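Novice: To get this note's numbering, take the position in the sequence shown, counting from 1, and add 879.
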Amino acid sequence: MNAQPVILNVGGEFIDGDTIQISGNDFGSAAQVISWDDFEEGGDGATLGVPVIGPTWTFQHPSSNTPFPQYSRMQAYSGGQSAKVAWKEPGWSGYSINAFGWGSQGPFNTLYLSYMRYHDPSQNDPPPEMNHKQLYTFGPANSGNGYEQQQFMPFMIPDGATAFATMLQATPADIWYWGGDPRYYNSNYSWGRWEFWLDYENTAAQNDGRFSIWYNLQQKLDSSGLNLCDVEGGQYVEDLRIGHMFQGFSALSHVRSFFDDVYVATTQARVELGNAATYAACTRREIQVAANWSSTFIELPLRTVSFTSGEQVFLYVIDENGDTSPGYPIELGDFGDPDPGPPGEPGQPTHI
880 MNAQPVILNV GGEFIDGDTI QISGNDFGSA AQVISWDDFE EGGDGATLGV PVIGPTWTFQ
940 HPSSNTPFPQ YSRMQAYSGG QSAKVAWKEP GWSGYSINAF GWGSQGPFNT LYLSYMRYHD
1000 PSQNDPPPEM NHKQLYTFGP ANSGNGYEQQ QFMPFMIPDG ATAFATMLQA TPADIWYWGG
1060 DPRYYNSNYS WGRWEFWLDY ENTAAQNDGR FSIWYNLQQK LDSSGLNLCD VEGGQYVEDL
1120 RIGHMFQGFS ALSHVRSFFD DVYVATTQAR VELGNAATYA ACTRREIQVA ANWSSTFIEL
1180 PLRTVSFTSG EQVFLYVIDE NGDTSPGYPI ELGDFGDPDP GPPGEPGQPT HI
């Protein structure tokens, strides 16, 4: 059984952008942060470029009938900008596929993703024959070994439906319906947090794959003991695309999604800042991107985002297995312990 992470001390000044030091026990191993971007670096209307962390954004943009994914001041969750992906805009005839992400990375057998999303169609009612897949992951393709790119669609609405599901194709193909909210029409025009954890089988067809889905901090699916890939060599992610598909846009004057605080890593290990004394009770949580991480020490620039000075908030350390520490209270604008070293030597932090 894995030990639960515990925070013992936190040092530094608790203001946005200042570096804080978290010390404690059983933090586990650092994740490799593949991508992190708050989309503040590019000019309004410019095509997406280099993220804060990770490879330069690339695109699935097969048509000149939509603008490339771009930095935008139309909506923002943190800071003043986000990434805009449009399938149809005034003055553009539109196309059903438009996405940003990366390719030829990894390949990764496990993947954790979190982002904030604001979906903005010109009407709230779902259009006829709508088919919306806001995220794709693709695996390796090797026809000589007889397998296609394995494709995962964590957050999708099937053709003609309004409820969300998670879909896998092509070897094997399966679909898991979330049930209940959110629906298409009550997840529009507001920022929502979408999270996805994928753990492919180490060996194909072993029925030990797992994935989890969260929307606005509520778990919608947690499925394990799964066959997620039939053919050895295909059970990886090497291509990721955000935005991707919106079919059925012809009746709309515009349809676009904004994405902010995009975080992609190899495990669930991370730090979060929440608004409640227990992790499950939080209605707001903000990812903190670690600069240094060891089993007893984490250093990071504090991101307050939706929280304000004088507010009591709680720090949480999540290890690579998804185990969460008890909340550690801090008051924003205050100072922590100036020497937060844990009992004994914290060890050499790992630079991420």
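The C-beta atom is built at its ideal place from N, Cα and C for all residues, glycine as well.
Since the structure is predicted, the reported quantities are computational estimates derived from the model, not experimental observations.
Look at the alpha carbon of Pro1019 and the alpha carbon of Asn988, and state the distance between them as a whole number of angstroms.
Specialist: Counting from one through the sequence shown, the residue named residue 1019 turns up at place 140. Counting from one through the sequence shown, the residue named residue 988 turns up at place 109. Pro1019 and Asn988: Cα-Cα distance of roughly 11 Å.
Novice: Are the Cβ atoms of Thr859 and Val1110 separated by less than 8 Å?
Specialist: Because residue 859 is not part of the residues shown, which for the chain are 880 to 1231, the question remains open.
Novice: Taking its Cβ as the centre, do 16 or more other Cβ atoms sit within 10 Å of Asn977, making it buried, or is it exposed?
Specialist: Stepping through the sequence shown from its first residue, residue 977 is reached at position 98. Flag for Asn977 reads buried.
Novice: Considering only the alpha carbon of each residue, which of Ile1177, Gln1098, Ser1174 and Gly1189 lies closest to Ala1159?
Specialist: As a working mapping, residue 1159 is identified with position 280 in the sequence shown. Closest by alpha carbon: Gln1098.
Novice: Let me check one thing: in DSSP terms, what residues is Gly903 bridge-paired to?
Specialist: Translated into positions along the sequence shown, residue 903 becomes position 24. For Gly903, which the question treats as bridged, DSSP gives the partners Ile886.
Novice: Would you decide whether Ile1054 is buried or exposed? Buried here means 16 or more other CB atoms lie within 10 Å of its CB.
Specialist: Translated into the one-based positions of the sequence shown, residue 1054 becomes position 175. It is exposed - the Cβ of Ile1054 has fewer than 16 other Cβ atoms within 10 Å.
Novice: With 16 as the cutoff for other CB atoms within 10 Å, does Thr1157 come out buried or exposed?
Specialist: As a first step, residue 1157 must be located in the sequence shown, where it is residue number 278. With fewer than 16 other Cβ atoms within 10 Å, it is exposed.
Novice: Roughly how many whole angstroms lie between the Cα atoms of Gly1039 and Ser951?
Specialist: Start at 1 with the first residue of the sequence shown, and residue 1039 comes out as number 160. Start at 1 with the first residue of the sequence shown, and residue 951 comes out as number 72. The alpha-carbon atoms of Gly1039 and Ser951 are separated by roughly 30 Å.
Novice: Based on Cα-Cα distance, which residue from Gln1114, Ser1173, Arg1062 and Thr1041 lies nearest to Gln1048?
Specialist: Counting from one through the sequence shown, the residue named residue 1048 turns up at place 169. For Gln1048, the nearest C-alpha among the options comes from Gln1114.
Novice: Are there three or more Cβ pairs, one per stretch, closer than 8 Å when the segment 886-898 is compared with the segment 1179-1194?
Specialist: These segments touch.
Novice: Out of Val931, Ser1136, Gly1104 and Trp1057, which has the shortest C-alpha to C-alpha gap to Val1143?
Specialist: By one-based count along the sequence shown, residue 1143 stands at place 264. Measuring from the Cα of Val1143, the nearest candidate turns out to be Val931.
Novice: Since Thr1045 and Ile1092 are thought to touch, with beta carbons under 8 Å apart, how far apart are those beta carbons, to the nearest angstrom?
Specialist: One-based indexing of the sequence shown puts residue 1045 at position 166. One-based indexing of the sequence shown puts residue 1092 at position 213. Right, the Cβ-Cβ distance comes to about 6 Å (below 8 Å), so this counts as a contact.
Novice: Rounding to the nearest angstrom, what Cα-Cα distance links Phe1186 and Trp1070 in this structure?
Specialist: As a working note, residue 1186 is residue 307 in the sequence shown. As a working note, residue 1070 is residue 191 in the sequence shown. Roughly 15 Å separates the two Cα atoms.
Novice: Rounding to the nearest angstrom, what Cα-Cα distance links Cys1108 and Ala1084 in this structure?
Specialist: As a position in the sequence shown, residue 1108 is number 229, starting the count at 1. As a position in the sequence shown, residue 1084 is number 205, starting the count at 1. About 6 Å.
Novice: Confirm, please, whether the CB-CB distance from Pro1037 to Asn1010 is below 8 Å.
Specialist: Numbered from its first residue, the sequence shown carries residue 1010 at position 131. Numbered from its first residue, the sequence shown carries residue 1037 at position 158. Contact: yes.
Novice: For Ala882, does the count of other Cβ atoms within 10 angstroms reach 16, so buried, or fall short, so exposed?
Specialist: For the purposes of this step, residue 882 is identified with residue 3 of the sequence shown, where counting begins at 1. Exposed, because fewer than 16 other Cβ atoms sit within 10 Å of the Cβ of Ala882.
Novice: Secondary structure at Arg1182, three-state DSSP: helix, strand or coil?
Specialist: Within the sequence shown, the letter at position 303 stands for residue 1182. Looking at Arg1182 - three-state DSSP - the assignment turns out to be coil, as it is neither helix nor strand.
Novice: Distance check for Asp1139 and Asp923, CA to CA, integer angstroms please.
Specialist: Position 44 of the sequence shown, counting from 1, holds the residue named residue 923. Position 260 of the sequence shown, counting from 1, holds the residue named residue 1139. C-alpha separation (whole angstroms): 14 Å.
Novice: Less than 8 Å between the C-beta atoms of Phe1137 and Gln954, yes or no?
Specialist: In the sequence shown, the residue the question calls residue 1137 occupies position 258. In the sequence shown, the residue the question calls residue 954 occupies position 75. Their beta carbons are under 8 Å apart, which means Phe1137 touches Gln954 by this criterion.
Novice: Sort Val1116, Ala1148 and Asn1154 by Cα distance to Ala1169 and report the nearest one.
Specialist: As a working note, residue 1169 is residue 290 in the sequence shown. Nearest option by C-alpha distance: Ala1148.
Novice: Which residue or residues does DSSP assign as beta-bridge partners of His998?
Specialist: Locating residue 998 in the sequence shown gives position 119, counting from the first residue. Asn1067 and Ser1136.
Novice: Would you call Ile886 buried or exposed, if buried means 16 or more other Cβ atoms sit within 10 Å of its Cβ?
Specialist: As a first step, residue 886 must be located in the sequence shown, where it is residue number 7. Buried.
Novice: Please report the straight-line C-alpha distance between Ser1102 and Gly1088, rounded to a whole angstrom.
Specialist: What you label residue 1102 is simply residue 223 of the sequence shown in a count that begins at 1. What you label residue 1088 is simply residue 209 of the sequence shown in a count that begins at 1. Rounded to whole angstroms, Ser1102 to Gly1088 spans 8 Å at the Cα level.
Novice: Once DSSP output is grouped into helix, strand and coil, what is the label at Leu940?
Specialist: Sequence index remark: in the sequence shown, residue 940 carries index 61 (1-based). The sequence as given places His at residue 940; Leu does not occur at that position. Here His940 sits in coil by DSSP.
Novice: On the three-state DSSP scale, how would you describe Tyr956?
Specialist: Walking along the sequence shown from the start, residue 956 turns up at place 77. Coil, per DSSP.
Novice: Expressed to the nearest angstrom, what Euclidean distance is found between the alpha-carbon atoms of Glu1210 and Asn1003?
Specialist: By one-based count along the sequence shown, residue 1210 stands at place 331. By one-based count along the sequence shown, residue 1003 stands at place 124. Looking at the two C-alpha atoms, the distance is approximately 39 Å.
Novice: Should Pro884 go down as buried or exposed, given a rule of 16 or more other Cβ atoms within 10 Å for buried?
Specialist: The residue you call residue 884 lines up with position 5 of the sequence shown. When all chains shown are included, Pro884 counts as buried.
Novice: Could you tell me the alpha carbon to alpha carbon distance between Val1134 and Asp999, rounded to whole angstroms?
Specialist: Numbered from its first residue, the sequence shown carries residue 1134 at position 255. Numbered from its first residue, the sequence shown carries residue 999 at position 120. Roughly 6 Å between the two C-alpha positions.
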